[in-house]
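Residues in the sequence shown are numbered consecutively from 12, following my numbering.
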Amino acid sequence: MKQYKHLFFDLDNTLWDFETNSYYALESAFQQLGLLTKLDSFEDYFKIYHRINHHLWELYRNREITKDRLTVKRFEDSLQEYGLPQPGKGAEINEAYLSQMPLKTQLVEGAREALEALHKKFKIHIITNGFREVQHQKLANSQLDHFFDKIFISEVIGAPKPSRKIFEHALKSTNARKQESLMIGDSWEADIKGALEFGIDQVFLSSDFSENLAQLLESSQTRKIMNKKTEYIQLTNGRTSTYFIHQLSELLNVVY
Numbered sequence: 012m013k014q015y016k017h018l019f020f021d022l023d024n025t026l027w028d029f030e031t032n033s034y035y036a037l038e039s040a041f042q043q044l045g046l047l048t049k050l051d052s053f054e055d056y057f058k059i060y061h062r063i064n065h066h067l068w069e070l071y072r073n074r075e076i077t078k079d080r081l082t083v084k085r086f087e088d089s090l091q092e093y094g095l096p097q098p099g100k101g102a103e104i105n106e107a108y109l110s111q112m113p114l115k116t117q118l119v120e121g122a123r124e125a126l127e128a129l130h131k132k133f134k135i136h137i138i139t140n141g142f143r144e145v146q147h148q149k150l151a152n153s154q155l156d157h158f159f160d161k162i163f164i165s166e167v168i169g170a171p172k173p174s175r176k177i178f179e180h181a182l183k184s185t186n187a188r189k190q191e192s193l194m195i196g197d198s199w200e201a202d203i204k205g206a207l208e209f210g211i212d213q214v215f216l217s218s219d220f221s222e223n224l225a226q227l228l229e230s231s232q233t234r235k236i237m238n239k240k241t242e243y244i245q246l247t248n249g250r251t252s253t254y255f256i257h258q259l260s261e262l263l264n265v266v267y
């Protein structure tokens with residue numbers, strides 16, 4: 012097993028529970044703007060919003076849409092589809108939503124415990140595609156900021172994951188070598204494939220990784236390593252390793 016020195020974490024849905032916090036932040040924003048009482052069901056609306064927002068973020072990562080367009084379109088399109096059109100209100104809703112986001116502090120299960128254990132031995136960093144207005148505030152309000160040496164935000168660097176540029180920038184800025192670095196994230200496209208193609212090991216955190224596991228196993232260059240004493244699955248192509256874990260507590264088995 013490689014001796015890692017630098018651990019690079021994604022933030023949203025890897026450490027900070029984006030799904031839960033986003034729901035309650037948007038509910039608070041709608042309450043603030045007087046929109047909540049106009050909805051028959053906020054939960055039904057949020058399902059529409061979640062689907063549209065997810066699609067727009069894919070476009071953003073692929074540089075097919077700008078941040079300004081994304082932040083307006085996700086609200087105006089979802090409210091239009093729900094049946095409560097709010098033309099020209101997207102920017103106002105987005106401002107209220109982003110002001111609420113850092114106030115929500117629910118973490119992914121085991122996040123704080125894992126960081127408490129890891130920061131004593133490793134240099135820990137963040138690589139996130141989230142917007143710069145809120146990422147530092149999220150970490151501070153959740154009392155996580157003291158764990159990290161460096162925080163890399165794609166918007167600041169000018170390249171979102173899975174771009175090679177953001178991984179290259181992060182390693183150069185931390186003076187980290189590829190063979191000593193490990194990327195941990197919940198997004199297969201942004202975190203895992205991005206880091207794999209750049210040439211550093213990765214840990215995929217997911218409740219169901221069967222499809223992604225099968226995808227790598229189809230490669231003739233990939234072999235599977237199973238250790239009965241551990242709780243993770245490791246695949247290697249001879250150059251990098253991909254680890255699959257269901258929860259953050261299993262990360263300790265990977266790095267120790």
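Glycine is no exception: its CB is placed at the ideal position from the N, C-alpha and C atoms.
Pairwise C-beta distances place the stretch 75 to 92 out of contact with the stretch 127 to 139, as fewer than three of them are shorter than 8 Å. Of the candidates Gln111, Phe57, Ser110, the residue whose Cα lies closest to the Cα of Glu87 is Phe57. Taken through DSSP and simplified to helix, strand or coil, Thr77 comes out as coil.
In this structure, the CA atom of Arg123 is about 19 Å from the CA atom of Lys16.
By the Cβ rule, the stretch 145 to 155 counts as touching the stretch 114 to 121, because three or more pairs are nearer than 8 Å. The DSSP-derived three-state label of His257 is coil. Taking C-beta atoms under 8 Å as the contact rule, Phe159 and Ile135 qualify, at a distance of about 5 Å. Closest in C-alpha terms to Lys189, from the list Glu229, Ala40, Phe178, Glu54, comes Phe178.
Uninterrupted alpha helix (DSSP H) stretches at least 4 residues long and entirely within the stretch 183 to 233 occur at 205 to 209, 221 to 228, given in chain order. Within the DSSP secondary-structure output, Asp23 pairs in a beta bridge with Trp27. Judged by DSSP secondary structure, Lys149 falls within the alpha helix (DSSP H) whose first and last residues are 143 to 152. In this structure, Leu193 is the residue among Asp28, Leu193, Tyr71 with its C-alpha nearest to the C-alpha of Leu263. Counting C-beta pairs closer than 8 Å gives three or more between the stretch 94 to 107 and the stretch 42 to 54, which meets the contact rule.
Excluding sequence positions up to five before and after Asn64, its CB lies within less than 7 Å of the CB of Arg85, all in the same chain and listed in chain order. Around the beta carbon of Tyr267, fewer than 16 other beta carbons sit within 10 angstroms, so the residue counts as exposed.
Shown here, Ser252 sits in a strand according to DSSP, grouped into three states.
Inter-residue distance for Ala187 and Thr82 is about 34 Å (C-alpha atoms, whole angstroms).
For Phe163, no alpha helix (DSSP H) run applies; the uninterrupted beta strand (DSSP E) run containing it begins and ends at 161 to 164, by DSSP. For the options Asp212, Leu37, Tyr243, Phe19, the alpha carbon positioned closest to that of Thr253 is the one of Asp212.
For the stretch 27 to 105, the full-length alpha helix (DSSP H) segments reaching 4 residues or more read 29 to 44, 53 to 72, 78 to 93 along the chain.
Taken through DSSP and simplified to helix, strand or coil, Lys176 comes out as helix. DSSP places Gln245 in the strand class (E or B) of the three-state scheme.
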